[in-house]
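Enquirer: Residue numbers (the UniProt record's numbering): 1 to 316.
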Amino acid sequence: MKVNLYLFFRALTGLSLIGLVYLGITFHWIKLLYKPPNVLDSEGNFLPMAPWSAPIVREGSFDPKLIDEIYKKKNITIATTVFALGKYTQFLKDFLESAEQNYFVGFRVHYYVFTDLPEQVPTVKLGGDHHLTVLKVATSNRWQEISLRRMERMEKLIENRLLNEADYVFSLDVDSKFYGRWGVESLGSLVGAIHPWYYKTHNEWFPYERRPESQAYIPYSEGDYYYGGAVIGGLVKDVYQLAKTCREQLDIDAANSIEAAWQEESHLNKYFLYNKPSKLLSPEYLWDDRKSKTPEIKIIRFSQVYKNYHEIRPNP
Ligand SMILES: *[C@@H]1O[C@H](CO)[C@@H](O)[C@H](O)[C@H]1NC(C)=O
Numbered sequence: 001m002k003v004n005l006y007l008f009f010r011a012l013t014g015l016s017l018i019g020l021v022y023l024g025i026t027f028h029w030i031k032l033l034y035k036p037p038n039v040l041d042s043e044g045n046f047l048p049m050a051p052w053s054a055p056i057v058r059e060g061s062f063d064p065k066l067i068d069e070i071y072k073k074k075n076i077t078i079a080t081t082v083f084a085l086g087k088y089t090q091f092l093k094d095f096l097e098s099a100e101q102n103y104f105v106g107f108r109v110h111y112y113v114f115t116d117l118p119e120q121v122p123t124v125k126l127g128g129d130h131h132l133t134v135l136k137v138a139t140s141n142r143w144q145e146i147s148l149r150r151m152e153r154m155e156k157l158i159e160n161r162l163l164n165e166a167d168y169v170f171s172l173d174v175d176s177k178f179y180g181r182w183g184v185e186s187l188g189s190l191v192g193a194i195h196p197w198y199y200k201t202h203n204e205w206f207p208y209e210r211r212p213e214s215q216a217y218i219p220y221s222e223g224d225y226y227y228g229g230a231v232i233g234g235l236v237k238d239v240y241q242l243a244k245t246c247r248e249q250l251d252i253d254a255a256n257s258i259e260a261a262w263q264e265e266s267h268l269n270k271y272f273l274y275n276k277p278s279k280l281l282s283p284e285y286l287w288d289d290r291k292s293k294t295p296e297i298k299i300i301r302f303s304q305v306y307k308n309y310h311e312i313r314p315n316p
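#1: Identify the continuous beta strand (DSSP E) that holds residue 247 and give its terminal residues.
#2: Give the DSSP-derived three-state secondary structure of residue 96 in the structure shown.
#3: May I ask you to report which of helix, strand or coil DSSP gives residue 142?
#4: For residue 46 versus residue 248, is the C-beta distance shorter than 7 Å?
#5: Going by C-alpha to C-alpha distance, which of 305, 301, 278, 307 sits closest to residue 101?
#6: Please state the DSSP three-state secondary structure of residue 66.
#7: For a test of your reading of the model: does the CB of residue 164 fall under 6 Å from any non-hydrogen atom of ligand 1? Yes or no.
#8: For the putative contact between residue 96 and residue 194, defined by C-beta atoms under 8 Å, what is the C-beta separation to the nearest angstrom?
#9: Measuring only from the beta carbon, is residue 75 closer than 6 Å to any heavy atom that is part of ligand 1?
#10: Per DSSP, what are the beta-bridge partners of residue 209 in this structure?
#11: Using a threshold of 7 Å, state whether the C-beta atoms of residue 221 and residue 260 are closer than that.
#12: Quick one: grab the DSSP three-state call for residue 181.
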């Protein structure tokens with residue numbers, strides 16, 4: 001019967017056994033490629049939530065006025081860390097000025113700017129109850145090193161100060177700009193942002209770390225989303241756990257002379273795989289100026305600005 005079926009298909013397709021095998025493999029990949037991602041529904045709109053019931057925040061999923069009123073009563077402080085080392089200080093002005101127009105307007109915000117060049121931190125007029133502290137750190141010669149030390153610095157800052165000084169904390173990339181409201185709708189115990197370049201991609205194609213020797217390793221069959229390392233947030237104690245765990249994993253990798261494909265972003269993705277975010281930010285909250293707006297994006301709130309890496313990185 002099997003042989004007959006084979007002959008039947010072969011007659012039908014005019015292909016050899018090898019050809020049929022190739023056809024099967026092709027179908028397998030097409031099936032993988034078109035498996036709907038966890039982000040958009042069949043009509044191309046954002047899904048309301050992740051498969052573990054965590055909301056995906058997007059335009060239309062909240063009433064700004066109502067949600068502001070709810071959080072006003074809570075008297076919360078949102079700490080925000082930014083890392084501006086070397087030539088990255090040039091991004092601070094736009095970052096801070098656009099934040100003052102859009103970021104938690106009317107709520108208590110405390111920026112903590114890590115930099116090796118405190119004299120280059122611009123004076124930006126801050127709105128009522130918005131504060132800024134400059135924290136001097138040593139200069140690094142490799143951007144990978146700068147990226148790797150961020151988790152450690154966040155861990156220490158939370159330990160030393162934020163547990164007493166804030167309720168929530170966000171770590172944001174400084175080479176970015178706000179274009180729209182970013183408010184209390186983004187608050188949750190553990191918050192991750194869906195990366196703008198990978199939200200239509202099947203998880204087999206995510207740029208996770210794929211070498212089992214790294215602590216950031218994620219096998220091809222696993223992974224829900226690809227999260228951007230430019231945005232990490234949540235309750236101070238939850239972000240502390242995240243920063244501490246990622247720092248430990250980064251240390252183990254360093255001891256084994258292995259650097260994950262996308263440094264801390266790879267470790268963040270590993271952490272989120274086993275500690276699912278309680279809230280996800282749609283790519284409205286993490287866009288890229290080089291990427292044109294797509295129909296499912298109703299508003300761009302925060303976006304990475306175009307930069308010439310050769311000009312701003314201390315090494316290639
Ligand atoms: C609100 O929080 C701030 C800072 O934590 C504190 O100084 C202030 O007393 C609080 N206000 C109320 C009404 O609880």
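Virtual Cβ for every residue (Gly too), placed ideally from N, Cα, C.
Expert: Once the coordinates are examined:
#1: Run containing residue 247: none in the beta strand (DSSP E); it sits in the alpha helix (DSSP H), 236-255.
#2: Three-state result, residue 96: helix.
#3: In the three-state reduction of the DSSP assignment, residue 142 falls in the coil class, being assigned neither a helical nor a strand state.
#4: Against a cut-off of 7 Å, the Cβ pair of residue 248 and residue 46 comes out as no contact.
#5: Cα-wise, what sits closest to residue 101 is 301.
#6: Of the three classes helix, strand and coil, the one that applies to residue 66 here is helix, per DSSP.
#7: No.
#8: In this structure, residue 96 and residue 194 do not form a Cβ contact; the two beta carbons are roughly 25 Å apart against a cut-off of 8 Å.
#9: Residue 75 Cβ: within cutoff of ligand 1.
#10: Answer is 217.
#11: Cβ atoms of residue 221 and residue 260: not closer than 7 Å.
#12: The answer is coil: DSSP assigns residue 181 none of H, G, I, E or B.
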